[in-house]
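Let me begin by presenting the structure, written as structure tokens, before commenting on it.
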Amino acid sequence: MTFALNHLNYFLLTNLLLDVLKASAPAGVVNVASGIHMGARLDFDNLQGEKRFAGFRAYGQSKLTNVLFTYELARCQDETSVTVNALHPGTVDTGFSLNNGFFFRVFAKLSARLFGRKPEEGAQTSIYLAASPEVEGVTGKYFANCNPVDSSPESYDKAAAEKLWQVSLELTGKAV
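Offset between the sequence shown (1-based) and our numbering: plus 57.
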């Protein structure tokens, strides 16, 4: 479910809207990823957690797929006026992950209270990418705090991004 919600959802919806986006260009796609992708590795043999599942690992991998998808979609839209960027909203005090196990719930709640931003603050980079003239024409980037920053080394793996694209096409029934 983590992979479906955090990646296949983005992938399918974006692909279903792509013709409209191109016709409406200039247009943009903004994918909310997470800095947690920095420690993630993509495991194509266990992409959906079907062999073994660890919630934190699955979440990190799904956020890495957001960044890989963003970069691949940006490459595919290179000749259009559709921009595609990803972002890290920061730690936001939203109650996220409070439906997990007791210890993780306590850790998440404490972390959010101590280090978390208010939801309005966490939304700033999303709003910036969606509406600021400063990023018009900027594509294929990863942002944090309204600034482009480097994403993980794994997120720049073009072969992995292409393979993820093909697997995603198959899983969403969009393969030709």
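Ideal Cβ placement from N, Cα and C applies to all residues, glycine included.
The structure presented is a predicted model; accordingly, all values stated were derived computationally and were not measured.
Simplified DSSP state of phenylalanine 60, which is helix, strand or coil: helix
Leucine 186 versus Asn66, Val224, His145, residue with shortest Cα-Cα distance: Answer by Cα proximity: His145.
Cutoff 6 Å; reference proline 205; Cβ partners in own chain excluding five residues on either side: Cβ within range, chain order: Lys198.
Short Cβ contact (8 Å threshold) for lysine 237 with phenylalanine 126: Examination of residue 237 is not possible in this model, given that the chain is present from 58 through 233 alone.
Nearest candidate by alpha-carbon position, reference isoleucine 184, set Ala61, Leu70, Val89, Leu73: With respect to the C-alpha of isoleucine 184, the residue from Ala61, Leu70, Val89, Leu73 having the closest C-alpha is Val89.
Where phenylalanine 101 sits in the DSSP three-state scheme: helix
Coarse secondary structure for threonine 140, derived from DSSP in three states: Look at threonine 140 here: in three-state DSSP terms it is strand.
Range of the contiguous beta strand (DSSP E) that encloses lysine 198: From DSSP, the beta strand (DSSP E) with lysine 198 extends over 198-201.
Helix, strand or coil at glycine 112 according to DSSP, with G and I counted as helix: helix
Enclosing alpha helix (DSSP H) for valine 224 [first to last residue]: Counting along the chain, valine 224 sits inside the alpha helix (DSSP H) bounded by residues 215-228.
C-beta contact flag for threonine 71 and threonine 140 at 8 Å: no
Proximity of serine 81 and lysine 120 at Cβ, strictly below 8 Å: no
Sub-8 Å separation of methionine 95 and serine 189 beta-carbons: Taking 8 Å as the cut-off, the beta carbon of methionine 95 is found no closer than this to the beta carbon of serine 189.
Reference glutamate 227, options Ala84, Leu65, Arg109, closest by Cα: Leu65
Exposure label - alanine 232; buried when at least 16 CB within 10 Å: exposed
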